[in-house]
Each structure stands twice: as structure tokens, then as C-alpha cells.
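Positions 0 to 844 (numbering that gives the first Met the number 0) are the ones given, in order, by the sequence shown. For each residue, glycine too, the CB sits at the ideal point set by N, CA and C.
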Amino acid sequence: MKNTLISTLIAGLLLSGCGGDDTKTAQTSQTATPLDIETTFSARYIQSLPGKAPELAAYAAYTDRETKQAAKAVEQTRYVGKLQVTNVVTQKKQEFEWPVTQSVDSEGNVTTTSHRALTLKPGTYDFHLLLNSTGPNPKQYIATSLAHEVIEGEQPAIQFTVEPNLGDTITEISQIEDVPTLSFQWKADELAEINKPQFGLSLNGGKEQVYAINKETGLSEVKMNVEPGEYTLSMRLYDGDLMVGENGEGETVNFAEGEKSQTNIVPVQADVGFEVSSIKDRGNFSFKLPQVLVDEAGGLDNLTLKANLTAKGAPAQERLLTVQDVNGDYIAKDIFETGGSDKVDVYLAFYNTHTSQALEELTPFASCNIELNVATNQTKGCKTALKRESIITNRILGTLRLNVVNENWTQAEGANVFLDGKKIGVTGADIGAGTFKAHLTAGEHQLEVKQSGNAASETLTLKPLDVKNVQLMLKKDENIGSGNFVEKQVIITKNSIPLALAIGDVNTDGRMDIVTGSENGFSVGIGNSYGKFDFFEYGIYEPKKVYSVNVGHIDKDGHLDLVVISRDEERQMIWFYENRGNGEFKGRRGFGGAIVNGTYQNSKLADLTGNGIPDLVRISRIPEIFIGDGEYGFKNSKQIIHMDHSSDIVKNIVKVGDINDDGYPDIVVAATGSGGKVYLNDGKGRFDNAIELFPYTPDIAPTSVTLGDINNDGYLDIFVTNSNVDEASSNNVLFMNNGNNTFNVFNSGLGKNSFAAVIFDINKDGNLDILLSSGRGRVKFTNYLGMGDGFFSPQATSLDKNDYLTVDDIQAADLDSDGDVDLIIQGKSFKDVSHLTRIYENISN
0 MKNTLISTLI AGLLLSGCGG DDTKTAQTSQ TATPLDIETT FSARYIQSLP
50 GKAPELAAYA AYTDRETKQA AKAVEQTRYV GKLQVTNVVT QKKQEFEWPV
100 TQSVDSEGNV TTTSHRALTL KPGTYDFHLL LNSTGPNPKQ YIATSLAHEV
150 IEGEQPAIQF TVEPNLGDTI TEISQIEDVP TLSFQWKADE LAEINKPQFG
200 LSLNGGKEQV YAINKETGLS EVKMNVEPGE YTLSMRLYDG DLMVGENGEG
250 ETVNFAEGEK SQTNIVPVQA DVGFEVSSIK DRGNFSFKLP QVLVDEAGGL
300 DNLTLKANLT AKGAPAQERL LTVQDVNGDY IAKDIFETGG SDKVDVYLAF
350 YNTHTSQALE ELTPFASCNI ELNVATNQTK GCKTALKRES IITNRILGTL
400 RLNVVNENWT QAEGANVFLD GKKIGVTGAD IGAGTFKAHL TAGEHQLEVK
450 QSGNAASETL TLKPLDVKNV QLMLKKDENI GSGNFVEKQV IITKNSIPLA
500 LAIGDVNTDG RMDIVTGSEN GFSVGIGNSY GKFDFFEYGI YEPKKVYSVN
550 VGHIDKDGHL DLVVISRDEE RQMIWFYENR GNGEFKGRRG FGGAIVNGTY
600 QNSKLADLTG NGIPDLVRIS RIPEIFIGDG EYGFKNSKQI IHMDHSSDIV
650 KNIVKVGDIN DDGYPDIVVA ATGSGGKVYL NDGKGRFDNA IELFPYTPDI
700 APTSVTLGDI NNDGYLDIFV TNSNVDEASS NNVLFMNNGN NTFNVFNSGL
750 GKNSFAAVIF DINKDGNLDI LLSSGRGRVK FTNYLGMGDG FFSPQATSLD
800 KNDYLTVDDI QAADLDSDGD VDLIIQGKSF KDVSHLTRIY ENISN
């Protein structure tokens, strides 16, 4: 919304605030100074929405009336008002009638005209403005400008930014100073990415009042002229007719006279959970829906959920699922094929089917898309934007009919379709295997289709009521990285050494964020669309050194929480930090435990007991298991896994994964001084059975353990890096899983004297690769490109030109949401021996 400010000075109507005959004073006084009064609306009223209506027909009829009213109001709105001027020194008050006219053109540009002007003698003044719109359903606005100095010979502008009054109508302008204020933070730069920002607010379940926000000024507060006390407040943030944020259902806010109350806005959370049982080729997926989706459809009878699942090795699957009320939770379940793939892409579309139209003719009012790692039994939340039909948009849509083929002209079923950077579905949803249909707003759109490293794109121009038929052929995606890593960001932890690293979408915006632990606490880096991170530091209770961080759904509210382990030379603590829903964390609970001086801290989260609640595996001298309580952390009771140890233990490493493919996570431990073992989970979180990978031997000094299905046989293999001082016996070791609790051992050809490794698909060819760091002195990096059968082709990497002296950790994830996997490396710089965390983007050669 663009604002043009016009202050009209009308000759003969200049008013003086010095008393007596105003007109005469304005004409004769040599000291009177004219003032330019500028009025900017921080938000302007659009429409009212009913509360939860029992009948959809009445709801639709009400919307039609509001649409007609808004269409008329969008042309011009007149306000009658009063301006109160107070001399700060003498406390003399004067009031003036103050009419204002506001015009809005078809593009949303706003022109505000004040039909009065003012002259005042030099001095310091307070100004209060009260405006009331005329016509049906009048609205009120308030503005204050305090301690404004008027200087002789200057013509200053009094700049009013008026705020809406969402409470009872104010009758006396003197009441303004005592009106309670509701505060929040929607700054202009925060609204830049929102095309048409609007907010709606209702008290105690009443009508929701919807206002358009001025993008140039932002909006930080509104006035609430209500009696002091507690109120149930519902606030929503819209982008046009899309609800993109809310403050939660039924939040209680205490309004006090003359004081500010606060409320926070968080992204709309579909919070769709995926509860996966034992899966190799198929499994039962469970989707948990939030109340807001059921309410928007007018009840379960009107809500239809369409789920589409795609995975390598399985055909695209689409199902209409029945949503059921299970003790107050809204659940839908079905069995889907996974083709033995660890990663599954899930797309959900929510439809309001109360009309007689066929489903294919409807547009989903909400959608959700997420990648799920079934190998780790993940439960993930899913962010969505909810399309509210009751919000006025005045848009006429066009239709896209898309047909996607491969280079051999076969239909590309299950390909992901993106519009303007946002996934809107997959091919094969209707008519044919490679087709897709969508109703779109008129204008120019960027259309992209991606599948298995192949892509196609086209700029689409759509007119209202157009039907556009588009055919695209998938070819190798030139934007997919090939293992050429370019440094993108260097993160320096202030006065501290980075000691730990974790990756996850902590603010549920669809982008990866990172958490780093250091000597002074931990920091949360919020990822942006460019794959870079803005950091917020968190102190921690004693001890302050954070040696391990993990992200996971600890309290099952759909947001990723943090588990932080801190320690010093005397004690260690395990802390649970609750995610408030927007990537901000609150420490909730911690408990201590004995440590052995000089041992290494390492931990992992996994659902070891099969109850859907993450548990914690921590290892110092011995592995310990802390059972998750599903609320605020972990029970103090713990299970100890007994190990035979030599007295010269230096470093223990723990990884969690389903090694024997029975559906339950197992624990892999490698330790200098005790060898390597796989502790098998009996399905109840007990680990009495163990497989020996290698006994204690001076030939293996493990520095990292990495898991991955190297040869695509459905079983996790184990890669152990080795930094034995003896160069002749410092080969890294690959343990190929035979699937029957035995392993084939390969201890040559995969580098030596290494400190960290990561397994991922570097070049997006569908096969897992290994990237590792090795060498003493300046670190050398090598890509071992997997052939899919357990064999590798070594390849030099662009990381070799960097100046690492040591590498402590390497982790991989798609940090910039471009479809390939990028790197985060923690290590010590060879140049100045500083400790750094670096981000590397994976680009094509």
C-alpha cells in the first residue's frame, strides 16, 4: 500500500492557538507560524468478518454484503475529527474540527488529504488527533505527537501516524492518553516480503475487524478502548486472503488503563505430524491436523484431505483421506509405499467441500509440503498458508493445465511443481500421469518442475479467465550442485570456540536453521532464502561450555526444541530449551550427572522406545539413555549400556540408526581404547545385544562415525574415520552391512588419517557419496563419489583451497532450498588459528 500525503492549506481558514479571535490573530500576528499537518494511516479498515458461524450459507451471504460495502469504500472514505493542541508550558488546550478525506485507487495507492491548516505562536505543544469515518460501520483512529517545538520563521510539519482504535468508541479527545495499547512488532522491513499485508483482530470471540497495513510505516501497536481486565484475543496476519500468522487460539491478554499489553504472532502451523511405524517398502503414515483447518472448513464433514506421496523406487501415490476426531485430535491415516527409500516427499492439500462442485474444480484453501526421513522415524511439523474465502480480494483467476514429459517423451509422474518458488503440487494428481492443474491469479508467474535432479521452467503470463496449456520437458537441472563447494558465510562466535553443531527448521518457515554450541552458551542461526544465517546468542546456566546440541520434537507441539549438554571440569548438565514457535527458546528444565574428567561429550536424539517421544543417548565414558517424558525433557532415570573399556579412553563417538532394519533405532559406538560395537534395540529401548565391529586395536583411533546405505541394498552401512598416529595403520574403515548382523570390512581406498566425514548425495545422481577431511597440518578434503554398488571414485574438491588446520565437524543439508546439499564445517583456521563455522554452497561446475 503506497501512501501519498497531501496537506491542503485553505486561505482564510488558518487558525491560531494563542487565544482570542483566531482568524484575526492569524492575519495580524508577526510571530504566528503556519504548520503543515500530515496524516499517515498505519492501517485502514477493510471489512468485518463474523465469528464462528454455524451455517456456511449465512457466512457466504455476509461475505457478499461486506464485499459490496468494501468495493464502495475503496473509492473514498471521509473522516470527521478533532485536533487538540496543548501548550506544554501553560497547559492551555484548544480543540479544532479536523476533516480528512482518504482516496484509494485500483492499485491500492492511498492519498490522504487534511482540509484544514493551523498557525501557532512559537512554543512547545502536544497534539492529539481523533478521527471517525462516516457512513455505515464507522471506524475510529487515534494519533498523538508530543513535545513538538514550533520555531518562529520555520514551517514545520506535524507528522501524525494514526492507529486504529479497536475498542469502544472514544467520545472525548481527552480520553486518548488513558486508552490501553496493544503492542506487537510488524516493522516495515519485516513486511517487505508480504505482498498485501493485513491484520484481523477480535475480542472474546466477536467479529473480526480486518485492516490493511501500510507497508511503508509498518504497524507496532493499536489502541484498545476497553474496560481494564482480561480479554480473549484472536489476532491474525494476512497476505491478501492468505492467513500467514496468528497469535494462537484463545490467548488471554490483560488490558490496563494507560498501559501496553503484548501479543506475539507466529506462522500459521498446519503442524501435520507423520508417525511412521516399521517401514522398509511400505508403512502407515499418520497426519495430525490443527483445529484452525477444521474451523475454516466449517467442520469435519466439509473438510477433505488429499495426500500425495512420492519416493524414489515407488510410483506417485495420491489418496483422499478421512479425517476423524480422536479424543479432540484430528487424525487421518493410510498406508503408503516407500520403495525402500529413506526420504519421502509428502504434499497435503485441504479442501472445503461443502459445495456441490467436484473436487478437481476446487482450489485448496491450505496446502503443506515436507520431506520426511522415514529411516529415523521422524515426526515433523508443516507450515502452511491458509486461504480465507471471506477475505476480500476482488480477483478473477485463470487456469493452468500442465503436461510434463521426460527426455524420452514418457510422462513424468510425481514431479514437483513450483509456482513463484513455492511448491503447489505434483504431477499425476488428475487426468494423466504427467499432468497437473491449478487455478492461478492473473499476472506473470515463474513456473518450475523438478524431479530427481532434472528440471524445466517457463515464465507464464496469465490473464483473467485464461486457460493456459503448457508442456515442459525435464532435462538435467543446471542449478543442481555437482560437488563444487563455494564459501558463502563465515560465522565467528564472539570470544568463544565453536564446540557443537545441529541443523533443523526451528522457526518452521521451510528453511534450515543451525544451532552452534560454544564456550559461552549456544547460538541459533535463522536461515534466509539465500542460505545465509542471522544469529541470536543464548547464555546458559553454569556450566557454560556447550559440548553437544540436538534438535527434536521434545514436547510434541510441532516445533523443534533443543537439548543442550554443557560441562566443565567438575560437572555436566543436560538442558531442555522449549521452542516458543518462532525459533525463540525458553529454558525449561535441566538435570545433572557425573562426568569423567578428560572424556568427550557426545549425544543423539532418537525414539528408542517406539512411543513417538524422542529419547536421549549421551556418551562420556559409557553410553547412557535418558527416556523422554513428552513434556519438558527427560526423566532422571537412565539406562546404562555396559562396555568393556581400556584405561586409555580418549574419545567416544555415538550414532543412532536402524542397523538391522527391524524398525527400531540401534546405537553405534566407536571409542579409542574399547573398539567399535553396534548395540541392538530390542524394541523396548533395551540394548543387551551387541555386534562387534572391531575390537580394541591400536590400528584404529576413531574420530567420527557416519551412517548411510552406500550400496542401495536397504541396510545402513557404517563408515569410521581413523587418525592413528602410525601412518601405516591410519586407513579409514567402511563396514558394509550384510543385513544379517554381519559386515564386510573395507580398510583401504577411502583415505587415511582423517578427522571428520559426512555421507550424502553430493552430485544428485541418486547414489550416496562420502566427503572427508584428512591430513596433519593443512587439511585436505576429498569427495568419494559413490557408484551405488559399494565402490567409489575419488575426486578432488574445491574445499582444498581453504585454510583448515583441523576439522571438528562436517554436516550436510540443503541450506538454500535449491534442491542440492550444502555444507557446514567447524574447524580451526591454519592462517590465524581461529575457530570458525563456515557455510559452503554446492554449485555446478
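Please state if the CB of residue j and the CB of residue i are separated by a distance shorter than 7 angstroms.
| i | j | result |
| --- | --- | --- |
| residue 580 | residue 558 | yes |
| residue 692 | residue 745 | no |
| residue 162 | residue 221 | yes |
| residue 677 | residue 601 | no |
| residue 755 | residue 703 | yes |
| residue 763 | residue 799 | no |
| residue 129 | residue 206 | no |
| residue 812 | residue 511 | yes |
| residue 520 | residue 538 | yes |
| residue 688 | residue 663 | no |
| residue 237 | residue 293 | no |
| residue 208 | residue 200 | yes |
| residue 700 | residue 721 | yes |
| residue 373 | residue 337 | yes |
| residue 169 | residue 224 | yes |
| residue 216 | residue 143 | no |
| residue 264 | residue 46 | no |
Excluding five sequence neighbours on each side, which residues of the same chain lie with their C-beta closer than 8 angstroms to the C-beta of residue i?
| i | result |
| --- | --- |
| residue 20 | With a pLDDT of 32 at residue 20, under the threshold of 50, the modelled position of this residue cannot be trusted, and the question is left open. |
| residue 311 | 338, 340, 342, 451 and 765 |
Within 10 Å of its beta-carbon, does residue i have 16 or more other beta-carbons around it, so buried, or fewer, so exposed?
| i | result |
| --- | --- |
| residue 349 | buried |
| residue 673 | buried |
| residue 359 | exposed |
| residue 299 | exposed |
| residue 135 | exposed |
| residue 244 | buried |
| residue 198 | buried |
| residue 192 | exposed |
| residue 475 | exposed |
| residue 357 | exposed |
| residue 790 | exposed |
| residue 540 | exposed |
| residue 40 | buried |
| residue 747 | exposed |
| residue 96 | exposed |
| residue 597 | Residue placement at residue 597 cannot be trusted, given a pLDDT of 43 that sits under 50; the coordinates are not used to answer. |
| residue 184 | exposed |
Whose CA, out of the options, lies closest to the CA of residue i?
| i | options | result |
| --- | --- | --- |
| residue 229 | 246, 242 and 260 | 260 |
| residue 386 | 704, 364, 458 and 834 | 364 |
| residue 736 | 750, 725 and 708 | 708 |
| residue 181 | 156, 194, 173 and 166 | 166 |
| residue 522 | 789, 528 and 514 | 514 |
| residue 353 | 235, 302 and 187 | 302 |
| residue 533 | 518, 506, 520 and 546 | 506 |
| residue 839 | 487, 34 and 226 | 487 |
| residue 529 | 419, 816 and 545 | 816 |
| residue 367 | 500, 307 and 585 | 307 |
| residue 226 | 583, 241, 256 and 616 | 256 |
Can you find a CB in chain C that lies within less than 7 angstroms of the CB of residue i?
| i | result |
| --- | --- |
| residue 283 | The chain labelled as chain C is not found in the depicted structure, where only one protein chain is given. |
Apart from the five residues just before and just after residue i, which ones in its own chain have a Cβ nearer than 6 angstroms to its Cβ?
| i | result |
| --- | --- |
| residue 728 | 698 |
| residue 44 | 138 and 210 |
| residue 468 | 400 |
| residue 770 | 757 and 782 |
| residue 778 | 772, 803 and 806 |
| residue 612 | 627 and 629 |
Identify, in the order they occur along the chain, each residue of the same chain with its Cβ nearer than 7 angstroms to the Cβ of residue i, setting aside the five sequence neighbours on each side.
| i | result |
| --- | --- |
| residue 457 | 446, 469 and 471 |
| residue 153 | 32 |
(request) Enumerate, from N- to C-terminal direction, the unbroken beta strand (DSSP E) stretches of 3 or more residues contained entirely within the segment 509 to 575. (result) 512 to 517, 520 to 526, 532 to 537, 545 to 551 and 560 to 566
(request) With a floor of 3 residues, list each beta strand (DSSP E) that falls wholly inside the segment 80 to 116, ordered by position along the chain. (result) Counting only runs of 3 or more, we get 92 to 96, 99 to 103 and 109 to 113.
(request) May I have a chain-ordered list of the beta strand (DSSP E) segments no shorter than 3 residues that lie completely inside the segment 118 to 203? (result) 122 to 132, 139 to 149, 156 to 164, 180 to 185 and 196 to 202
(request) Quick one: which unbroken alpha helix (DSSP H) runs of 4-plus residues sit fully inside the segment 397 to 437? Chain order, please. (result) none
(request) For the segment 321 to 371, list the beta strand (DSSP E) runs that are entirely contained and at least 3 residues long, ordered along the chain. (result) 323 to 325, 328 to 336 and 342 to 351
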